[in-house]
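In what follows, a single structure is set out as C-alpha coordinates and then discussed.
In C-alpha coordinates:
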(Lines of atoms letter the chains of each structure in order from A and count residues from 1; the text may use other names and numbers.)
(Lines give C-alpha, C1' and ligand atoms only; values in the text may rest on other atoms or scores of the structure.)
Protein backbone atom coordinates (compact mmCIF):
# COMPACT_ATOMS: atom_id res chain seq x y z
CA UNK A 1 0.00 0.00 0.00
CA UNK A 2 1.11 3.58 -0.65
CA UNK A 3 1.98 5.05 2.74
CA UNK A 4 -0.18 8.14 3.04
CA UNK A 5 -2.28 10.34 5.27
CA UNK A 6 -5.95 10.90 4.46
CA UNK A 7 -7.43 14.36 4.07
CA UNK A 8 -9.50 13.94 7.22
CA UNK A 9 -6.33 13.17 9.22
CA UNK A 10 -4.28 16.28 8.36
CA UNK A 11 -5.04 18.06 11.64
CA UNK A 12 -3.31 15.23 13.52
CA UNK A 13 -0.06 15.94 11.63
CA UNK A 14 0.26 19.72 11.92
CA UNK A 15 3.84 20.82 11.27
CA UNK A 16 4.83 17.41 9.88
CA UNK A 17 5.79 16.49 6.35
CA UNK A 18 3.31 13.94 5.06
CA UNK A 19 2.20 12.29 1.84
CA UNK A 20 -1.36 12.32 0.54
CA UNK A 21 -2.74 10.66 -2.59
CA UNK A 22 -5.91 10.97 -4.61
CA UNK A 23 -7.46 12.70 -7.61
CA UNK A 24 -6.97 16.29 -8.71
CA UNK A 25 -10.35 17.73 -7.83
CA UNK A 26 -9.57 21.26 -8.95
CA UNK A 27 -6.59 23.45 -9.81
CA UNK A 28 -6.44 27.23 -9.53
CA UNK A 29 -3.64 29.48 -10.70
CA UNK A 30 -3.04 32.97 -9.35
CA UNK A 31 -0.26 35.37 -10.27
CA UNK A 32 2.32 34.12 -7.81
CA UNK A 33 0.83 30.94 -6.39
CA UNK A 34 -1.23 27.92 -7.45
CA UNK A 35 -3.68 25.76 -5.54
CA UNK A 36 -4.18 22.07 -6.11
CA UNK A 37 -7.25 20.49 -4.48
CA UNK A 38 -6.82 16.73 -4.05
CA UNK A 39 -9.77 14.42 -3.37
CA UNK A 40 -9.50 11.11 -1.52
CA UNK A 41 -12.02 8.85 0.12
CA UNK A 42 -12.18 11.01 3.26
CA UNK A 43 -12.45 14.49 1.77
CA UNK A 44 -10.38 17.27 0.18
CA UNK A 45 -6.85 18.59 0.75
CA UNK A 46 -5.46 21.85 -0.56
CA UNK A 47 -1.82 22.00 -1.64
CA UNK A 48 -0.23 25.44 -2.12
CA UNK A 49 2.47 25.50 -4.79
CA UNK A 50 4.50 28.01 -6.69
CA UNK A 51 2.99 28.99 -10.02
CA UNK A 52 3.67 26.49 -12.75
CA UNK A 53 2.14 23.60 -14.63
CA UNK A 54 -0.33 21.55 -12.65
CA UNK A 55 -1.78 18.18 -13.65
CA UNK A 56 -5.33 18.36 -15.07
CA UNK A 57 -8.50 17.51 -13.13
CA UNK A 58 -8.94 13.78 -12.40
CA UNK A 59 -5.23 13.07 -12.64
CA UNK A 60 -4.19 10.64 -9.92
CA UNK A 61 -1.42 12.20 -7.85
CA UNK A 62 0.74 11.68 -4.82
CA UNK A 63 1.64 14.87 -2.98
CA UNK A 64 4.23 15.25 -0.22
CA UNK A 65 4.22 18.49 1.76
CA UNK A 66 4.25 20.11 5.18
CA UNK A 67 0.94 20.41 7.02
CA UNK A 68 0.14 24.02 7.90
CA UNK A 69 -2.96 25.88 9.01
CA UNK A 70 -4.91 27.52 6.21
CA UNK A 71 -7.99 29.64 6.85
CA UNK A 72 -9.36 29.02 3.35
CA UNK A 73 -8.39 25.36 3.14
CA UNK A 74 -10.87 22.48 3.52
CA UNK A 75 -10.75 21.42 7.16
CA UNK A 76 -8.50 24.35 8.07
CA UNK A 77 -5.21 22.68 7.08
CA UNK A 78 -3.22 22.56 3.85
CA UNK A 79 0.07 21.32 2.42
CA UNK A 80 2.86 23.79 1.70
CA UNK A 81 6.11 23.27 -0.22
CA UNK A 82 4.57 20.29 -2.01
CA UNK A 83 6.26 17.74 -4.22
CA UNK A 84 3.74 16.43 -6.76
CA UNK A 85 4.05 13.06 -8.45
CA UNK A 86 1.57 12.14 -11.16
CA UNK A 87 0.55 8.48 -10.98
CA UNK A 88 -1.93 8.57 -13.90
CA UNK A 89 -3.38 11.20 -16.20
CA UNK A 90 -6.85 11.19 -17.77
CA UNK A 91 -7.06 10.70 -21.52
CA UNK A 92 -10.20 12.85 -21.73
CA UNK A 93 -11.91 15.46 -19.55
CA UNK A 94 -14.91 14.31 -17.46
CA UNK A 95 -18.38 14.82 -19.02
CA UNK A 96 -19.07 17.66 -16.55
CA UNK A 97 -17.08 19.55 -13.92
CA UNK A 98 -16.74 17.37 -10.85
CA UNK A 99 -15.44 20.22 -8.69
CA UNK A 100 -18.57 22.35 -8.90
CA UNK A 101 -20.74 22.13 -5.75
CA UNK A 102 -23.89 21.35 -7.71
CA UNK A 103 -24.12 18.65 -10.38
CA UNK A 104 -24.67 20.44 -13.68
CA UNK A 105 -25.45 17.35 -15.76
CA UNK A 106 -28.88 15.81 -16.34
CA UNK A 107 -29.58 12.34 -14.92
CA UNK A 108 -29.15 10.49 -18.26
CA UNK A 109 -25.67 12.02 -18.64
CA UNK A 110 -24.80 11.01 -15.08
CA UNK A 111 -25.97 7.43 -15.66
CA UNK A 112 -24.23 7.14 -19.05
CA UNK A 113 -20.94 8.18 -17.44
CA UNK A 114 -21.44 6.63 -14.00
CA UNK A 115 -17.84 5.35 -13.52
CA UNK A 116 -16.56 8.94 -13.46
CA UNK A 117 -19.76 10.84 -12.57
CA UNK A 118 -20.09 9.05 -9.23
CA UNK A 119 -16.80 10.63 -8.16
CA UNK A 120 -18.70 13.90 -7.65
CA UNK A 121 -19.18 14.28 -3.87
CA UNK A 122 -22.92 14.95 -4.27
CA UNK A 123 -23.39 11.75 -6.29
CA UNK A 124 -21.12 9.70 -4.07
CA UNK A 125 -22.91 10.73 -0.87
CA UNK A 126 -26.10 8.63 -1.38
CA UNK A 127 -23.94 5.56 -1.93
CA UNK A 128 -22.11 6.26 1.35
CA UNK A 129 -25.48 6.42 3.11
CA UNK A 130 -26.53 3.19 1.39
CA UNK A 131 -23.37 1.40 2.53
CA UNK A 132 -23.79 2.66 6.09
CA UNK A 133 -27.40 1.44 6.06
CA UNK A 134 -26.34 -2.08 5.09
CA UNK A 135 -23.69 -2.10 7.81
CA UNK A 136 -26.32 -1.08 10.35
CA UNK A 137 -28.75 -3.74 9.13
CA UNK A 138 -26.10 -6.41 9.64
CA UNK A 139 -25.06 -5.08 13.04
CA UNK A 140 -28.62 -4.92 14.33
CA UNK A 141 -29.52 -8.44 13.26
CA UNK A 142 -26.20 -9.87 14.42
CA UNK A 143 -26.99 -8.48 17.87
CA UNK A 144 -30.36 -10.27 17.75
CA UNK A 145 -28.78 -13.65 17.04
CA UNK A 146 -29.29 -13.80 13.28
CA UNK A 147 -26.95 -15.62 10.88
CA UNK A 148 -26.14 -14.16 7.47
CA UNK A 149 -26.83 -16.53 4.56
CA UNK A 150 -26.21 -16.49 0.81
CA UNK A 151 -28.76 -18.11 -1.46
CA UNK A 152 -28.88 -18.93 -5.20
CA UNK A 153 -29.79 -16.24 -7.69
CA UNK A 154 -30.37 -18.77 -10.47
CA UNK A 155 -33.43 -20.94 -9.86
CA UNK A 156 -35.10 -23.77 -11.73
CA UNK A 157 -38.72 -22.64 -11.64
CA UNK A 158 -40.71 -19.43 -11.87
CA UNK A 159 -43.11 -20.42 -9.13
CA UNK A 160 -43.22 -17.36 -6.89
CA UNK A 161 -44.17 -14.68 -9.38
CA UNK A 162 -44.73 -16.34 -12.74
CA UNK A 163 -44.24 -13.89 -15.57
CA UNK A 164 -42.27 -11.41 -13.46
CA UNK A 165 -38.99 -13.29 -13.75
CA UNK A 166 -36.14 -13.22 -16.26
CA UNK A 167 -35.63 -16.49 -18.11
CA UNK A 168 -32.11 -17.63 -18.98
CA UNK A 169 -30.47 -20.57 -20.74
CA UNK A 170 -28.81 -22.73 -18.10
CA UNK A 171 -26.64 -25.24 -20.00
CA UNK A 172 -29.49 -25.95 -22.38
CA UNK A 173 -32.18 -25.98 -19.71
CA UNK A 174 -34.59 -23.16 -18.82
CA UNK A 175 -33.78 -21.32 -15.63
CA UNK A 176 -34.64 -17.97 -14.06
CA UNK A 177 -33.08 -15.12 -12.12
CA UNK A 178 -34.43 -15.18 -8.57
CA UNK A 179 -36.94 -12.46 -7.79
CA UNK A 180 -36.51 -13.06 -4.04
CA UNK A 181 -34.68 -15.37 -1.62
CA UNK A 182 -38.04 -16.13 0.00
CA UNK A 183 -38.12 -19.91 -0.34
CA UNK A 184 -34.51 -20.33 0.71
CA UNK A 185 -34.60 -18.05 3.73
CA UNK A 186 -37.66 -19.91 5.02
CA UNK A 187 -35.84 -23.22 4.61
CA UNK A 188 -32.83 -21.85 6.49
CA UNK A 189 -35.02 -21.01 9.49
CA UNK A 190 -35.00 -24.79 9.95
CA UNK A 191 -31.19 -24.61 10.16
CA UNK A 192 -30.33 -21.40 12.02
CA UNK A 193 -33.75 -20.20 13.34
CA UNK A 194 -32.89 -16.59 12.50
CA UNK A 195 -31.35 -15.62 9.16
CA UNK A 196 -30.79 -12.60 6.96
CA UNK A 197 -29.40 -11.88 3.53
CA UNK A 198 -28.24 -8.84 1.58
CA UNK A 199 -28.27 -9.52 -2.14
CA UNK A 200 -29.61 -8.72 -5.60
CA UNK A 201 -33.11 -9.62 -6.74
CA UNK A 202 -34.55 -9.37 -10.23
CA UNK A 203 -38.00 -8.26 -11.35
CA UNK A 204 -39.02 -8.47 -15.02
CA UNK A 205 -41.72 -5.88 -14.58
CA UNK A 206 -41.97 -3.35 -17.43
CA UNK A 207 -42.36 -0.35 -15.12
CA UNK A 208 -40.70 2.82 -16.35
CA UNK A 209 -41.14 4.89 -13.20
CA UNK A 210 -38.95 6.83 -10.77
CA UNK A 211 -39.32 4.10 -8.10
CA UNK A 212 -38.86 0.82 -10.00
CA UNK A 213 -35.73 -1.08 -11.04
CA UNK A 214 -35.29 -4.42 -12.79
CA UNK A 215 -32.50 -5.30 -10.34
CA UNK A 216 -32.18 -3.98 -6.83
CA UNK A 217 -30.62 -4.91 -3.50
CA UNK A 218 -32.95 -6.61 -1.05
CA UNK A 219 -32.37 -6.70 2.70
CA UNK A 220 -34.17 -9.88 3.79
CA UNK A 221 -34.73 -11.43 7.20
CA UNK A 222 -36.63 -14.47 8.46
CA UNK A 223 -37.04 -15.69 12.04
CA UNK A 224 -38.55 -18.71 13.71
CA UNK A 225 -40.60 -19.28 16.85
CA UNK A 226 -42.76 -16.19 16.43
CA UNK A 227 -46.23 -15.80 17.90
CA UNK A 228 -47.44 -13.89 14.86
CA UNK A 229 -46.48 -11.06 12.50
CA UNK A 230 -46.11 -8.58 15.38
CA UNK A 231 -42.90 -10.29 16.47
CA UNK A 232 -41.57 -9.78 12.96
CA UNK A 233 -42.58 -6.12 13.06
CA UNK A 234 -40.67 -5.69 16.34
CA UNK A 235 -37.50 -7.08 14.77
CA UNK A 236 -37.96 -4.86 11.72
CA UNK A 237 -38.22 -1.84 14.02
CA UNK A 238 -34.84 -2.75 15.55
CA UNK A 239 -33.29 -3.24 12.11
CA UNK A 240 -34.49 0.15 10.86
CA UNK A 241 -33.29 1.87 14.04
CA UNK A 242 -29.92 0.18 13.66
CA UNK A 243 -29.64 1.29 10.04
CA UNK A 244 -30.33 4.90 10.97
CA UNK A 245 -27.87 4.85 13.85
CA UNK A 246 -25.20 3.42 11.54
CA UNK A 247 -25.84 6.16 8.96
CA UNK A 248 -25.59 8.79 11.69
CA UNK A 249 -22.29 7.31 12.89
CA UNK A 250 -20.65 6.28 9.63
CA UNK A 251 -21.77 8.90 7.11
CA UNK A 252 -22.07 12.29 8.85
CA UNK A 253 -20.28 14.05 6.01
CA UNK A 254 -22.68 12.66 3.42
CA UNK A 255 -25.66 13.70 5.55
CA UNK A 256 -24.31 17.23 5.89
CA UNK A 257 -23.50 17.50 2.20
CA UNK A 258 -27.01 16.48 1.17
CA UNK A 259 -28.74 18.32 4.01
CA UNK A 260 -30.44 15.12 5.18
CA UNK A 261 -32.41 15.08 8.41
CA UNK A 262 -32.70 11.53 9.69
CA UNK A 263 -36.07 10.44 11.08
CA UNK A 264 -36.64 9.25 14.60
CA UNK A 265 -37.92 5.69 15.00
CA UNK A 266 -40.65 5.47 17.68
CA UNK A 267 -40.17 2.87 20.40
CA UNK A 268 -43.28 1.29 18.88
CA UNK A 269 -44.08 2.19 15.29
CA UNK A 270 -47.80 3.02 14.94
CA UNK A 271 -49.89 0.43 13.10
CA UNK A 272 -53.26 0.54 11.38
CA UNK A 273 -55.24 -2.45 10.10
CA UNK A 274 -55.94 -2.51 6.37
CA UNK A 275 -59.68 -2.29 6.97
CA UNK A 276 -59.14 0.86 9.02
CA UNK A 277 -56.82 2.24 6.31
CA UNK A 278 -59.64 1.71 3.83
CA UNK A 279 -62.02 3.61 6.08
CA UNK A 280 -59.56 6.46 6.58
CA UNK A 281 -58.97 6.81 2.84
CA UNK A 282 -62.60 6.14 1.82
CA UNK A 283 -61.52 3.20 -0.33
CA UNK A 284 -62.95 -0.23 -1.08
CA UNK A 285 -60.01 -1.43 -3.20
CA UNK A 286 -58.12 -4.57 -2.06
CA UNK A 287 -54.77 -2.74 -2.11
CA UNK A 288 -53.41 0.73 -1.40
CA UNK A 289 -52.66 3.14 -4.23
CA UNK A 290 -49.57 5.39 -4.13
CA UNK A 291 -51.85 8.32 -3.33
CA UNK A 292 -53.35 6.44 -0.36
CA UNK A 293 -49.88 5.52 0.91
CA UNK A 294 -48.92 9.18 0.84
CA UNK A 295 -52.14 10.19 2.63
CA UNK A 296 -51.67 7.57 5.33
CA UNK A 297 -48.07 8.68 5.89
CA UNK A 298 -49.21 12.27 6.36
CA UNK A 299 -51.91 11.04 8.74
CA UNK A 300 -49.36 9.07 10.80
CA UNK A 301 -47.09 12.08 11.05
CA UNK A 302 -49.95 14.32 12.16
CA UNK A 303 -51.64 11.85 14.53
CA UNK A 304 -48.63 9.97 15.91
CA UNK A 305 -45.62 12.16 15.10
CA UNK A 306 -44.10 9.24 13.17
CA UNK A 307 -42.65 9.13 9.67
CA UNK A 308 -43.13 5.35 9.80
CA UNK A 309 -46.46 3.51 9.70
CA UNK A 310 -47.29 -0.19 9.65
CA UNK A 311 -50.34 -1.23 7.64
CA UNK A 312 -51.31 -4.73 8.77
CA UNK A 313 -53.86 -7.34 7.74
CA UNK A 314 -53.83 -6.99 3.97
CA UNK A 315 -56.46 -9.16 2.24
CA UNK A 316 -55.29 -12.73 1.64
CA UNK A 317 -56.23 -12.36 -2.04
CA UNK A 318 -53.40 -9.80 -2.42
CA UNK A 319 -50.75 -11.78 -0.58
CA UNK A 320 -48.58 -14.74 -1.67
CA UNK A 321 -49.85 -18.25 -0.99
CA UNK A 322 -47.33 -18.79 1.83
CA UNK A 323 -48.82 -15.95 3.91
CA UNK A 324 -50.47 -16.96 7.20
CA UNK A 325 -54.11 -15.85 7.48
CA UNK A 326 -55.40 -13.97 10.49
CA UNK A 327 -57.01 -16.73 12.62
CA UNK A 328 -59.74 -14.33 13.78
CA UNK A 329 -60.45 -12.91 10.31
CA UNK A 330 -59.36 -15.48 7.69
CA UNK A 331 -60.06 -13.12 4.80
CA UNK A 332 -57.24 -10.95 6.08
CA UNK A 333 -53.59 -11.88 6.47
CA UNK A 334 -50.98 -11.76 9.19
CA UNK A 335 -49.00 -9.65 6.74
CA UNK A 336 -47.88 -6.04 6.78
CA UNK A 337 -46.25 -3.24 4.86
CA UNK A 338 -44.10 -0.52 6.39
CA UNK A 339 -44.72 2.91 4.90
CA UNK A 340 -42.02 5.56 5.15
CA UNK A 341 -42.46 9.12 3.97
CA UNK A 342 -45.35 8.24 1.71
CA UNK A 343 -44.01 5.06 0.15
CA UNK A 344 -44.21 1.32 0.81
CA UNK A 345 -40.71 0.44 1.95
CA UNK A 346 -41.01 -3.06 3.45
CA UNK A 347 -43.31 -6.03 2.92
CA UNK A 348 -43.45 -8.83 5.46
CA UNK A 349 -45.56 -11.09 7.59
CA UNK A 350 -46.06 -14.44 9.24
CA UNK A 351 -45.73 -17.48 6.95
CA UNK A 352 -47.51 -20.81 6.92
CA UNK A 353 -45.36 -23.43 8.66
CA UNK A 354 -47.26 -26.74 8.33
CA UNK A 355 -46.97 -28.89 5.24
CA UNK A 356 -50.70 -29.66 5.07
CA UNK A 357 -51.50 -25.94 5.20
CA UNK A 358 -49.34 -25.38 2.14
CA UNK A 359 -51.09 -28.16 0.25
CA UNK A 360 -54.46 -26.58 1.04
CA UNK A 361 -53.28 -23.06 0.22
CA UNK A 362 -51.98 -24.13 -3.18
CA UNK A 363 -55.14 -26.12 -3.93
CA UNK A 364 -57.26 -23.07 -3.07
CA UNK A 365 -55.38 -21.22 -5.82
CA UNK A 366 -55.81 -24.05 -8.31
CA UNK A 367 -52.23 -25.29 -8.06
CA UNK A 368 -50.65 -28.57 -7.11
CA UNK A 369 -47.47 -29.21 -5.17
CA UNK A 370 -45.26 -30.60 -7.95
CA UNK A 371 -43.70 -27.26 -8.95
CA UNK A 372 -42.99 -26.50 -5.29
CA UNK A 373 -41.45 -29.79 -4.13
CA UNK A 374 -38.02 -28.27 -3.47
CA UNK A 375 -39.59 -25.49 -1.41
CA UNK A 376 -42.01 -27.74 0.48
CA UNK A 377 -39.30 -30.21 1.41
CA UNK A 378 -38.42 -28.28 4.58
CA UNK A 379 -42.05 -28.34 5.77
CA UNK A 380 -42.28 -32.14 5.49
CA UNK A 381 -39.86 -32.40 8.38
CA UNK A 382 -41.19 -29.86 10.85
CA UNK A 383 -40.84 -26.07 10.80
CA UNK A 384 -41.58 -23.61 13.62
CA UNK A 385 -44.00 -20.70 13.28
CA UNK A 386 -41.97 -18.08 11.46
CA UNK A 387 -42.09 -14.88 9.48
CA UNK A 388 -39.91 -12.29 7.84
CA UNK A 389 -39.60 -9.21 5.72
CA UNK A 390 -37.79 -7.65 2.75
CA UNK A 391 -36.58 -4.05 2.43
CA UNK A 392 -35.44 -2.48 -0.85
CA UNK A 393 -32.12 -0.72 -0.24
CA UNK A 394 -32.26 1.76 -3.12
CA UNK A 395 -35.82 2.78 -2.28
CA UNK A 396 -34.82 3.22 1.38
CA UNK A 397 -31.88 5.44 0.43
CA UNK A 398 -34.01 7.49 -1.93
CA UNK A 399 -36.55 8.20 0.81
CA UNK A 400 -33.81 9.09 3.30
CA UNK A 401 -32.05 11.50 0.95
CA UNK A 402 -35.15 12.91 -0.72
CA UNK A 403 -33.97 11.75 -4.15
CA UNK A 404 -36.66 12.26 -6.78
CA UNK A 405 -35.57 9.17 -8.73
CA UNK A 406 -34.41 5.82 -7.37
CA UNK A 407 -31.67 5.81 -10.02
CA UNK A 408 -29.98 8.62 -8.09
CA UNK A 409 -29.28 6.17 -5.27
CA UNK A 410 -28.13 3.29 -7.50
CA UNK A 411 -24.56 3.04 -8.75
CA UNK A 412 -25.32 1.26 -12.03
CA UNK A 413 -29.10 0.97 -12.37
CA UNK A 414 -30.82 -1.69 -14.42
CA UNK A 415 -34.25 -0.73 -15.66
CA UNK A 416 -36.52 -1.11 -18.67
CA UNK A 417 -34.01 0.63 -20.93
CA UNK A 418 -30.55 0.49 -19.33
CA UNK A 419 -28.03 -2.36 -19.51
CA UNK A 420 -24.82 -0.30 -19.54
CA UNK A 421 -22.57 0.77 -17.98
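Residue numbers (the working numbering): 95 to 515.
Glycine included, C-beta positions come from ideal geometry on N, C-alpha and C.
Note that the structure is a prediction, hence the values are computed from the model and not measured.
Going by Cα to Cα distance, which pick from the options is closest to residue i?
i	options	result
residue 204	311, 187, 513 and 502	502
residue 111	127, 173 and 145	173
residue 424	379, 437, 410 and 431	410
residue 330	176, 344, 240 and 160	240
residue 496	158, 219 and 182	219
residue 222	352, 462 and 167	352
residue 228	285, 154, 270 and 345	345
residue 443	432, 335, 185 and 132	432
residue 188	213, 475 and 514	213
residue 368	136, 156 and 377	377
residue 99	108, 105 and 113	113
residue 40	407, 412, 363 and 514	Lying outside 95 to 515, the shown extent of the chain, residue 40 is not represented and no answer is given.
residue 281	373, 375 and 445	445
residue 168	489, 269, 119 and 334	119
residue 59	181, 449 and 285	Since the first and last residues shown for the chain are 95 and 515, residue 59 lies out of range.
residue 192	132, 500 and 155	132
residue 156	181, 138 and 175	181
residue 136	405, 103 and 237	103
residue 215	160, 134, 383 and 206	134
residue 273	505, 297 and 288	297
residue 106	375, 160 and 392	160
residue 407	237, 371, 355 and 500	371
residue 513	323, 176, 206 and 268	206
residue 325	288, 247 and 457	288
Is residue i near the ligand FAD, in the sense that its beta carbon is under 7 angstroms from a heavy atom of that ligand?
i	result
residue 113	The ligand FAD is absent from the structure shown, which contains no ligand whatsoever.
Express the C-alpha separation of residue j and residue i in angstroms, rounding to a whole number.
i	j	result
residue 143	residue 178	9 angstroms
residue 128	residue 162	16 angstroms
residue 487	residue 226	11 angstroms
residue 224	residue 125	43 angstroms
residue 183	residue 116	12 angstroms
residue 194	residue 403	38 angstroms
residue 153	residue 121	11 angstroms
residue 196	residue 498	16 angstroms
residue 249	residue 416	18 angstroms
residue 510	residue 302	6 angstroms
residue 41	residue 390	Residue 41 lies beyond the stretch modelled for the chain, which goes from 95 to 515, so this question has no answer here.
residue 332	residue 234	7 angstroms
residue 299	residue 264	22 angstroms
residue 211	residue 397	42 angstroms
residue 158	residue 349	30 angstroms
residue 462	residue 262	25 angstroms
residue 337	residue 145	47 angstroms
residue 185	residue 141	23 angstroms
residue 147	residue 342	41 angstroms
residue 164	residue 151	22 angstroms
Can you check whether the CB of residue j is closer than 8 angstroms to the CB of residue i?
i	j	result
residue 493	residue 430	no
residue 358	residue 230	no
residue 447	residue 421	no
residue 317	residue 482	yes
residue 414	residue 428	no
residue 385	residue 438	no
residue 271	residue 259	yes
residue 485	residue 440	yes
residue 308	residue 508	yes
residue 412	residue 451	no
Length at least 4, wholly inside the region 366-436: the alpha helix (DSSP H) runs in chain order: 368-375 and 384-398
Kindly confirm or deny that the region 457-472 and the region 268-288 touch, where touching means at least three C-beta pairs closer than 8 angstroms. yes
Does the region 283-293 touch the region 304-321, meaning 3 or more C-beta pairs lie closer than 8 angstroms? yes
Minimum length 3: unbroken beta strand (DSSP E) runs contained in the region 268-314: The beta strand (DSSP E) runs of length 3 or more contained entirely in the region 268-314 are, from start to end of the chain, 288-296.
Which full runs of the beta strand (DSSP E) of 3+ residues lie inside the region 205-250, going along the chain? The region 205-250 contains no whole beta strand (DSSP E) run of 3 or more residues.
Note down, one range per segment and in chain order, each beta strand (DSSP E) of at least 3 residues found wholly within the region 120-180. Listed in chain order, they are 127-134, 137-144 and 154-163.
Enumerated in chain order, which unbroken segments of the beta strand (DSSP E) with a length of 3 residues or greater are wholly contained in the region 429-507? The qualifying runs are 429-434, 437-445 and 480-486.
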